[in-house]
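Sequence positions in the sequence shown follow mature numbering (1 follows the signal peptide of the UniProt record, and there is no 0) and run -17 to -1, 1 to 80. Worksheet for the structure shown next.
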Amino acid sequence: MKPMLSAAIFVPLLAAACVPESPTPDAVAEPPPVANDTCGANGYLPLIGQTTPNISVPANKAYRSYRTGDPVTMDYNPERLNFEHAKTGKLVRVSCG
């Protein structure tokens, strides 16, 4: 009987230890300016942290918008704007390339 009582106490404690932590909210910090800003990314830095911001890009400007973890081409174009969004839709990064 004693081993059953020990197991009845130990198993729920073990299961409780396996519960994942709740995610912490993303801290919104002032992003650093983009070095070698050949694409004009610094003008879009105030949009970082906004969820699904309306982004206006000139018609003749090369850009791409993607979610974190999505596959993107590895070609580097210093004139192209890159807008990286989190899975939640929040803009997390603006860069050239």
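Using N, Cα and C, we set each Cβ at its ideal position, and we do this for glycine too.
CB contact flag (residue i, residue j, <7 Å)
{"i": "A18", "j": "L64", "result": "no"}
{"i": "V40", "j": "Y49", "result": "no"}
{"i": "P29", "j": "L74", "result": "no"}
Straight-line gap, residue i to residue j (C-alpha atoms, nearest Å)
{"i": "N43", "j": "Y27", "result": "17 Å"}
{"i": "R76", "j": "G52", "result": "13 Å"}
{"i": "C79", "j": "D20", "result": "7 Å"}
{"i": "A69", "j": "G32", "result": "10 Å"}
{"i": "G72", "j": "Y46", "result": "17 Å"}
{"i": "N60", "j": "C22", "result": "9 Å"}
DSSP three-state assignment for residue i, whether helix, strand or coil
{"i": "Y27", "result": "helix"}
{"i": "N65", "result": "strand"}
{"i": "K44", "result": "coil"}
{"i": "S78", "result": "strand"}
{"i": "T21", "result": "coil"}
Exposure label - residue i; buried when at least 16 CB within 10 Å
{"i": "E67", "result": "buried"}
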